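In the UniProt record's numbering, the protein residues as written are 1 to 302.
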């Protein structure tokens with residue numbers, strides 16, 4: 001770096017063109033410069049710029065910046081769902097089907113091979129069957145909780161549909177009861193499986209197995225309505241009209257009983273549901289038209 005510094009200091013000692021002109025005998029109004037003087041000035045400026053860059057660049061020590069995102073930024077990075085979340089909902093089984101399917105599968109579990117002692121074999125079988133029953137009941141509940149989206153992450157259009165159709169807070173209330181049922185099934189199942197594994201005799205192991213099955217069955221029967229409520233919610237949400245916000249939409253607005261729904265049915269894929277009494281169509285109908293490789297939406301409004 002010393003050679004660059006010395007060169008720069010020498011360049012600074014060279015008088016500028018302005019000083020030379022001021023001390024010259026040329027008239028003050030004269031602005032004529034020779035080609036040699038102009039080239040010398042340009043070379044001087046370029047050389048000074050090069051030397052300055054080398055000194056500054058050589059003395060620069062890069063500092064790594066550890067940028068930490070604030071919690072507010074993390075929340076803003078959450079990606080909202082696009083329209084169509086209702087069509088991704090899983091098929092929900094009735095609570096009765098989940099219960100009896102779980103009991104049937106758990107009874108097929110046999111004890112670990114190689115256990116000769118009858119008491120040990122029975123308590124091993126009981127603990128394994130209770131653990132299997134707990135999992136067969138809990139896994140579907142966990143899947144439903146994972147696949148039903150949080151309402152605040154829904155698209156604003158579908159969030160509004162959920163509130164207007166199900167009522168404010170009902171969606172979250174059902175998911176909350178489902179989560180409480182899952183936790184209770186896991187807790188009681190582990191408790192009775194542990195008790196069965198600690199049985200002293202074969203008879204005690206059989207009794208604790210029957211007691212554990214009865215306890216889990218009672219819990220699921222009494223609180224399994226949350227599953228059935230979720231089933232009804234899934235049916236309602238899946239039947240919602242599918243709206244593509246990017247596609248052109250044709251809205252048919254007019255007086256009652258003038259054939260708006262019939263026109264939608266003829267022109268598009270929509271199938272309106274008419275009430276028993278005249279002049280009304282139940283709900284808003286959405287239909288879709290594919291014409292010349294273009295997609296259109298048709299909707300009837302009252």
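Cβ coordinates follow ideal geometry from the N, Cα and C atoms, glycine included. Computed from a predicted model, the values in this text were never measured in an experiment.
{"query": "Can you tell which of 188, 82 and 96 has the C-alpha that lies nearest to the C-alpha of residue 228?", "result": "96"}
{"query": "Terminal residues of the continuous beta strand (DSSP E) containing residue 145?", "result": "Per DSSP, residue 145 belongs to no beta strand (DSSP E); it is in the alpha helix (DSSP H), 118-147."}
{"query": "How do the segment 231-239 and the segment 82-92 stand: do at least 3 beta-carbon pairs fall below 8 angstroms, yes or no?", "result": "yes"}
{"query": "Work out the CA separation of residue 266 and residue 101 for me, nearest whole Å.", "result": "44 angstroms"}
{"query": "What residues match up with residue 296 in a beta bridge as DSSP calls it?", "result": "289"}
{"query": "Using a Cβ distance threshold of 8 angstroms, determine whether the segment 189-201 contacts the segment 162-170, with at least three qualifying pairs required.", "result": "no"}
{"query": "Contact between the segment 178-198 and the segment 129-138: three or more CB pairs below 8 angstroms?", "result": "yes"}
{"query": "Mind checking whether residue 245 and residue 296 have CB atoms under 8 angstroms apart?", "result": "no"}
{"query": "Quick one, which of 123, 98 and 142 has its alpha-carbon nearest residue 180's?", "result": "142"}
{"query": "Does DSSP put residue 112 in a helix, a strand or coil?", "result": "coil"}
{"query": "How long is the line joining the alpha carbons of residue 118 and residue 216, rounded to whole angstroms?", "result": "26 angstroms"}
{"query": "Measure from the alpha carbon of residue 303 to the alpha carbon of each residue in 137, 219, 128 and 173, then state which is nearest.", "result": "Residue coverage of the chain in this structure runs from 1 to 302, which leaves residue 303 outside it and unanswerable."}
{"query": "Please name the residue in 82, 288 and 225 whose C-alpha comes closest to that of residue 153.", "result": "82"}
{"query": "List the endpoints of the continuous alpha helix (DSSP H) containing residue 209.", "result": "202-223"}
{"query": "Cα-Cα, which of 129, 106, 146 and 214 is closest to residue 178?", "result": "146"}
{"query": "From residue 99 to residue 116, what distance separates their C-alpha atoms?", "result": "32 angstroms"}
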